[in-house]
Amino acid sequence: MSQPVDPMIARHRAILETARNTGSVSVEALAEAHGVTPQTIRRDLNLLAQQSMLSRVHGGAVVTSGVDNLSYTERRHVAADIKDAIGAAAAALVPDGASLFINIGSTTEAIARHLIGRRDLMVITNNLNVVDILADKPGIEVIAAGGRVRAGDRAVIGALAMDFIRSFRVDYALIGASAIERDGTFLDFDMDEVRVSQTIIAHARKVMLAVDSTKLGRPAPVRIGDLGDVDYLVTDAVDDILEAACDAAGVCVVACR
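The UniProt record's numbering puts the sequence shown at residues 1 to 257.
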């Protein structure tokens, strides 16, 4: 059963849909359409601009190009409480004694933090932030992928990382994404990062996609995969269209708040 959608999130989705249909939106028109104050709409637009979903202009906002992502530092602070709840729900699905991949992303790092205290885990990751979170924790063996380190977020990407990952076949892949479409296609911004994620997916028995609902309908240019690649979708809310797509694909939806 789908979870009730927070009114602000529902309004944000409607604002984004209007912007994509028209190319731009105005504060006054949105306030009238949604029955809220202009101040509320300005806050909405500022939040959407911080998430790189719209670009603010005087009196409203315009659609972004869909080819730029926020910096890692900025991404860590977007929907932080929701990501923490998703991290707890996703970690609860991982049994003690499992082997797993964890890829790049602030949401997957939240999962890693909730794995602390678990027993007999083997964690293979191309995310050096995950290495920092888990490397000295009892009961967890951490194996770091080798290769080129991207300075902005300490992601290990490129051909060497992909070759390293192919050496394993793990129980779970814990995957994040920058965007997810309503048909379940999930996307990102960087081709090298996507190719590593695809390699991780191909070498896992079960795949867990963890994304917060602000990613739903967000534009991003590079396709990682679709619901046929996923066993679990862990998120804070899904709409009816995405839930139906998950049902059709046999994906287990774990919704948390």
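Even for Gly, the Cβ is constructed at its ideal location relative to N, Cα and C.
| query | result |
| --- | --- |
| Of the residues Ala61, Asp81, Leu209 and Ile86, the one placed nearest Ala173, counting alpha carbons only | Leu209 |
| C-alpha distance - Leu231 paired with Lys206, whole-angstrom precision | The sequence as given places Asp at residue 231; Leu does not occur at that position. When rounded, the distance between both Cα atoms is 6 Å. |
| Cβ-based neighbour list, Arg42, same chain, cut-off 8 Å, excluding 5 preceding and 5 following | Val27 |
| Contact check, Ala112 vs Val130, beta carbons under 7 Å | yes |
| Residues near Val253 by beta carbon distance below 7 Å, same chain, minus five either side | Leu233, Val238, Glu243 and Cys246 |
| Outcome for Val251 when other beta-carbon atoms lying within 10 angstroms are tallied against a minimum of 16 | buried |
| Straight-line gap, Ile157 to Val149 (C-alpha atoms, nearest Å) | 6 Å |
| Pair within 7 Å by beta-carbon distance, Phe186 and Ile180 | yes |
| Asp256 - DSSP class collapsed to helix/strand/coil | For the record, residue 256 in the displayed sequence is Cys; it is not Asp. Coil at Cys256, not helix or strand. |
| For Ala159, the nearest candidate out of Thr199, Thr18 and Val123 (CA to CA) | Thr199 |
| Minimum length 4: unbroken alpha helix (DSSP H) runs contained in the region 58-138 | 72-77, 80-92, 106-115 and 128-134 |
| Limits of the beta strand (DSSP E) - the one that Val211 falls within | That residue, Val211, is in no beta strand (DSSP E); it is neither H nor E in DSSP. |
| Contained alpha helix (DSSP H) runs [length at least 4] in the UniProt domain "HTH deoR-type" (8-63), N- to C-terminal order | 27-34 and 38-50 |
| Assigned secondary structure, Ala155 (DSSP; H/G/I helix, E/B strand, else coil) | strand |
| Residue environment, Ala255, which counts as buried when at least 16 other CB atoms sit within 10 Å | buried |
| Identity of the residues DSSP links to Asp188 by a beta bridge | Val222 |
| Distance between beta carbons of Ile82 and Asp212, contact taken as under 8 Å | 5 Å |
| Alpha carbon of Thr18 to alpha carbon of Ser52, nearest angstrom | 16 Å |
| Residue 288 versus His114, Met162, Val94 and Arg218, residue with shortest Cα-Cα distance | With the chain represented from 1 up to 257, any question about residue 288 goes unanswered, as that position is not in the structure. |
| Segment limits, alpha helix (DSSP H) that includes Ala248 | Asp240 to Ala249 |
| Stretch-stretch touch, CB-based, cutoff 8 Å, three pairs: the region 82-94 with the region 141-155 | no |
| As assigned by DSSP and simplified to three states, the class of Arg195 | helix |
| Ile15, buried or exposed, once every other Cβ within 10 Å from all chains shown has been counted against 16 | buried |
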